[in-house]
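Below is one structure, written out as structure tokens; the observations come after it.
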Amino acid sequence: MNSQLDTRIGAAKAEGRAALIAYLPVGYPDVPTSIEAMVAAVEGGADVVEIGVPYSDPGMDGPTIQEAVDVAVRAGVGMADVLSAVSAVAAAGAVPVVMSYWNPIERYGVERFATDLAAAGGAGAITPDLIPDEAGAWLAASDAAGLDRVFLVAPSSTDARLAMTLAACRGFVYAASTMGVTGTRSTVGDTAQALVTRTREVAPDLAVCVGLGVSDGDQAAEVAGFADGVIVGSAYVRQLLDGHGPAGVRALSEDLAAGVRRR
Amino acid sequence: MTTTAPVPPSDASLSRPRPEWPDATGHFGPYGGRFVPEALIAALDELSEAYEAMRVDPAFLVEFERLHRDYTGRPSPITEVPRFAEHCGGARVLLKREDLNHTGSHKINNVLGQALLTKRIGKKRVIAETGAGQHGVATATAAALMGLECTVYMGEEDTRRQALNVARMRLLGAEVIPVTTGSRTLKDAINEAFRDWVTNVETTNYVFGTVAGPHPFPAMVRDFQRVIGDEARAQLLAREGRLPDAVLACVGGGSNAIGIFTAFVPDADVRLVGLEAGGDGVETGRHASSITGGDPGVLHGARSYLLQDAHGQTVESHSISAGLDYPGVGPEHSYLHDMGRAEYRPVTDSQAMEAFALLCRTEGIIPAIESAHALAGAITLGKEMGPDALLLVNLSGRGDKDVETASAWFGLAEHTAPTDGDERAVEEGRGGEPGPPLGDADHTTVQDGDAL
Ligand SMILES: Cc1ncc(COP(=O)(O)O)c(C=O)c1O
Numbered sequence: 002m003n004s005q006l007d008t009r010i011g012a013a014k015a016e017g018r019a020a021l022i023a024y025l026p027v028g029y030p031d032v033p034t035s036i037e038a039m040v041a042a043v044e045g046g047a048d049v050v051e052i053g054v055p056y057s058d059p060g061m062d063g064p065t066i067q068e069a070v071d072v073a074v075r076a077g078v079g080m081a082d083v084l085s086a087v088s089a090v091a092a093a094g095a096v097p098v099v100m101s102y103w104n105p106i107e108r109y110g111v112e113r114f115a116t117d118l119a120a121a122g123g124a125g126a127i128t129p130d131l132i133p134d135e136a137g138a139w140l141a142a143s144d145a146a147g148l149d150r151v152f153l154v155a156p157s158s159t160d161a162r163l164a165m166t167l168a169a170c171r172g173f174v175y176a177a178s179t180m181g182v183t184g185t186r187s188t189v190g191d192t193a194q195a196l197v198t199r200t201r202e203v204a205p206d207l208a209v210c211v212g213l214g215v216s217d218g219d220q221a222a223e224v225a226g227f228a229d230g231v232i233v234g235s236a237y238v239r240q241l242l243d244g245h246g247p248a249g250v251r252a253l254s255e256d257l258a259a260g261v262r263r264r
Numbered sequence: 021m022t023t024t025a026p027v028p029p030s031d032a033s034l035s036r037p038r039p040e041w042p043d044a045t046g047h048f049g050p051y052g053g054r055f056v057p058e059a060l061i062a063a064l065d066e067l068s069e070a071y072e073a074m075r076v077d078p079a080f081l082v083e084f085e086r087l088h089r090d091y092t093g094r095p096s097p098i099t100e101v102p103r104f105a106e107h108c109g110g111a112r113v114l115l116k117r118e119d120l121n122h123t124g125s126h127k128i129n130n131v132l133g134q135a136l137l138t139k140r141i142g143k144k145r146v147i148a149e150t151g152a153g154q155h156g157v158a159t160a161t162a163a164a165l166m167g168l169e170c171t172v173y174m175g176e177e178d179t180r181r182q183a184l185n186v187a188r189m190r191l192l193g194a195e196v197i198p199v200t201t202g203s204r205t206l207k208d209a210i211n212e213a214f215r216d217w218v219t220n221v222e223t224t225n226y227v228f229g230t231v232a233g234p235h236p237f238p239a240m241v242r243d244f245q246r247v248i249g250d251e252a253r254a255q256l257l258a259r260e261g262r263l264p265d266a267v268l269a270c271v272g273g274g275s276n277a278i279g280i281f282t283a284f285v286p287d288a289d290v291r292l293v294g295l296e297a298g299g300d301g302v303e304t305g306r307h308a309s310s311i312t313g314g315d316p317g318v319l320h321g322a323r324s325y326l327l328q329d330a331h332g333q334t335v336e337s338h339s340i341s342a343g344l345d346y347p348g349v350g351p352e353h354s355y356l357h358d359m360g361r362a363e364y365r366p367v368t369d370s371q372a373m374e375a376f377a378l379l380c381r382t383e384g385i386i387p388a389i390e391s392a393h394a395l396a397g398a399i400t401l402g403k404e405m406g407p408d409a410l411l412l413v414n415l416s417g418r419g420d421k422d423v424e425t426a427s428a429w430f431g432l433a434e435h436t437a438p439t440d441g442d443e444r445a446v447e448e449g450r451g452g453e454p455g456p457p458l459g460d461a462d463h464t465t466v467q468d469g470d471a472l
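Going line by line, the protein sequences match chains S and P.
Residues 2 to 264 in the working numbering are what the first sequence spells out, letter by letter.
Residues 21 to 472 in the working numbering are what the second sequence spells out, letter by letter.
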């Protein structure tokens with residue numbers, strides 16, 4: 002199956018660098034500005050944009066992302082806005098991938114979500130609270146619509162779970178670099194590198210991207226030294242929370258994009 | 021000389037046959053399961069395995085029974101409440117007195133089991149979420165007893181509503197962290213506790229307070245709480261020579277209800293009735309009746325009924341009772357509901373407070389406001405079922421923690437005279453308006469022969 006994410010991350014690899022994957026939630030500070038910020042992230046050098054679906058109970062996110070997402074939830078931002086963001090990111094030339102907790106997708110309708118996402122030009126979805134064990138409906142719908150699906154692996158995943166999860170992924174696998182929730186940290190940690198090594202042993206052809214904790218170009222360079230993609234979330238959101246707007250997002254992207262090329 | 025290891029009683033709750041559900045991966049029909057980040061799966065697997073080994077370990081069973089008896093004060097008695105029952109259409113009402121447990125509610129039953137499990141897996145720190153504070157107090161108590169470090173997450177809104185319990189937890193040596201995200205109630209406290217757990221999973225065990233959350237919590241907490249119904253069933257057979265016609269319990273997450281229901285599930289003639297918090301009334305949208313007023317979705321790690329909007333966002337719940345003020349419910353209740361084995365009904369704030377006052381006046385028992393929802397259910401169901409019906413009500417907790425809320429509702433304290441402009445009474449009453457004072461002519465059920 003032709004995978005947008007695999008193709009794009011593969012192209013970065015061919016250039017001898019890691020891909021830059023930017024996370025931003027739809028609807029902070031409002032829908033149009035959040036989409037402008039995503040486009041700015043692409044202009045600054047992001048290869049892939051993780052388009053966050055606002056959710057009332059984001060159990061895996063730290064205070065930075067939750068603060069922004071709360072605003073979007075209160076404003077009633079929903080899947081229609083998310084699909085507009087997907088189209089805008091695709092038009093800007095990056096690969097759009099939706100990042101969503103499971104309930105908003107289930108509520109929208111799993112098959113309907115897959116169909117509409119594919120029609121909007123989306124690559125697929127990252128589902129942080131959905132493990133393949135519970136993903137029957139999503140595996141079928143993403144196959145039918147030709148979408149990528151990204152599950153997470155963690156340092157605590159057993160070998161058996163790692164193999165099962167990697168077999169279910171398409172596009173890339175998301176390696177949670179430290180045990181914990183999203184949020185910027187000063188060091189990314191060796192556990193990330195060990196986890197990447199383990200996933201490569203099991204699934205050498207699947208791209209592995211590392212997230213949770215990268216905040217600047219230097220850290221991006223460090224992660225780019227061992228991963229196929231560098232995922233940055235809270236640091237982008239911080240730009241918006243601190244009032245730097247899409248311009249701040251573009252500047253951060255430039256710093257990070259230089260980082261993933263530095264190695 | 022021969023010494024024999026203590027032998028657990030052959031009728032220990034945990035040794036009884038369990039319902040056929042959940043399946044090995046924690047599914048109750050379409051409900052339950054695990055909707056959590058992969059980072060927690062190893063810890064949940066560890067808990068599942070350790071729990072399955074522990075529940076058949078005679079040494080654990082002996083210790084658990086000993087704590088129930090010597091620490092909690094089990095078995096809890098059955099009290100018949102005839103003066104209260106005069107308001108229940110002639111039905112007889114028997115209370116299962118979980119309010120008399122050490123720490124004042126059923127929550128201790130579960131916490132002692134999970135604290136022993138924590139020690140068994142070698143962890144030194146426990147975390148817990150709490151709404152009314154009863155689960156937090158119970159966890160802080162067990163942590164003090166077993167020398168574990170304890171952190172309790174509690175919505176900031178609830179720390180105000182249940183200030184007494186915050187002080188109790190701190191006296192017991194626990195750290196109480198007020199949660200200021202989202203709606204600042206139980207659901208947000210659960211989010212924060214999960215965040216703590218993901219981050220500190222190597223040193224920390226999450227002592228979950230109800231039959232919700234990811235597998236194995238719904239099944240494990242049920243097993244720890246089923247002692248309520250196992251005892252009650254035997255107590256009723258001994259004193260009445262028969263089973264009750266209906267068993268009633270309030271439903272927040274659903275642990276006291278599952279606790280009393282489980283023993284009776286195979287008794288097809290016994291009606292199982294869960295009373296959900298109806299707040300201002302389900303039709304107003306300001307309630308916490310997940311089954312009556314919600315629909316299936318995923319929240320806090322499991323699929324079950326929940327209150328959600330068109331986008332799948334969790335809707336804030338409303339109830340005068342902090343312990344029932346939760347927009348979700350345990351997956352086993354969703355399953356029992358769908359298969360028609362249990363029925364779920366809403367009880368409004370004012371119905372609950374009326375029943376609260378009635379039990380105080382007629383029987384000298386101050387119930388938890390949570391439990392007052394079950395009492396209100398008995399008033400309605402008794403009238404429906406008519407004379408001779410035998411109702412068993414789980415009195416899940418005592419009302420000491422609720423005295424301030426009740427004073428404000430009824431306008432009892434000197435400083436909360438129930439004038440329209442009384443801000444404090446309005447705030448504590450939570451329905452926007454304080455309820456009428458006891459003795460108000462509208463509350464004839466309370467007044468019947470029970471003048472202030
Ligand atoms: C006395 C009492 N009853 C009931 C509940 C509701 O919980 P559950 O539905 O799990 O029994 C609580 C929760 O705090 C409680 O304190």
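For each residue, glycine too, the CB sits at the ideal point set by N, CA and C.
Here the structure is a predicted model, which is why all the values come from computation and not from measurement.
Quick one: what does DSSP say residue i is sitting in, helix, strand or coil?
{"i": "I56/P", "result": "The sequence shown places Val at residue 56/P, not Ile. Three-state result, V56/P: coil."}
{"i": "Q182/P", "result": "coil"}
{"i": "F152/S", "result": "coil"}
{"i": "E107/S", "result": "helix"}
{"i": "N121/P", "result": "coil"}
{"i": "N225/P", "result": "strand"}
{"i": "L131/S", "result": "coil"}
{"i": "T99/P", "result": "strand"}
{"i": "A111/P", "result": "coil"}
{"i": "Q333/P", "result": "coil"}
{"i": "R140/P", "result": "helix"}
{"i": "L410/P", "result": "strand"}
{"i": "E16/S", "result": "coil"}
{"i": "D243/S", "result": "coil"}
{"i": "S324/P", "result": "strand"}
{"i": "D265/P", "result": "coil"}
{"i": "I385/P", "result": "coil"}
{"i": "R418/P", "result": "strand"}
{"i": "V349/P", "result": "coil"}
{"i": "H47/P", "result": "strand"}
Examine chain S for any beta-carbon lying closer than 7 Å to the beta-carbon of residue i, and answer yes or no.
{"i": "E58/P", "result": "yes"}
{"i": "G313/P", "result": "no"}
{"i": "V349/P", "result": "no"}
{"i": "F48/P", "result": "no"}
{"i": "T201/P", "result": "yes"}
{"i": "V318/P", "result": "yes"}
{"i": "P29/P", "result": "no"}
{"i": "N211/P", "result": "yes"}
Does the beta carbon of residue i sit closer than 7 Å to a beta carbon anywhere in chain P?
{"i": "S216/S", "result": "no"}
{"i": "S157/S", "result": "yes"}
{"i": "V90/S", "result": "no"}
{"i": "S277/S", "result": "Here chain S comprises residues numbered 2 to 264, so residue 277/S is not present and cannot be evaluated."}
{"i": "A177/S", "result": "yes"}
{"i": "I265/S", "result": "Not covered by the structure: residue 265/S. The range shown for chain S is 2 to 264."}
{"i": "Q240/S", "result": "no"}
{"i": "W139/S", "result": "no"}
Using 8 Å for Cβ pairs, my map puts residue i next to residue j. What's the rounded Cβ distance?
{"i": "G273/P", "j": "V231/P", "result": "6 Å"}
{"i": "A164/P", "j": "G193/P", "result": "5 Å"}
{"i": "S88/S", "j": "A59/P", "result": "So it is not a contact: roughly 32 Å between Cβ atoms."}
{"i": "W103/S", "j": "D130/S", "result": "5 Å"}
Would you list, in sequence order, the uninterrupted alpha helix (DSSP H) runs of no fewer than 4 residues that lie entirely inside the stretch 156-232 of chain S? 160-169, 191-203 and 218-225
Touch check for the stretch 232-243 of chain S and the stretch 213-222 of chain S: three-plus C-beta pairs under 8 Å? yes
Between the stretch 230-250 of chain P and the stretch 67-80 of chain P, can you find at least three pairs of beta-carbon atoms closer than 8 Å? yes
I'd like to know if the stretch 364-379 of chain P and the stretch 418-430 of chain P are in contact, where contact means that at least 3 CB-CB pairs between them fall below 8 Å. yes
Give a yes or no on contact between the stretch 140-151 of chain P and the stretch 114-122 of chain P, applying the rule of three or more CB pairs nearer than 8 Å. no
With a cut-off of 8 Å, do at least 3 Cβ pairs link the stretch 216-230 of chain P to the stretch 67-77 of chain S? no
Counting Cβ pairs, one atom from each stretch, are 3 or more of them under 8 Å apart for the stretch 41-58 of chain P and the stretch 311-323 of chain P? yes
Are the stretch 95-113 of chain P and the stretch 399-408 of chain P in contact at 8 Å, needing three or more beta carbon pairs? yes
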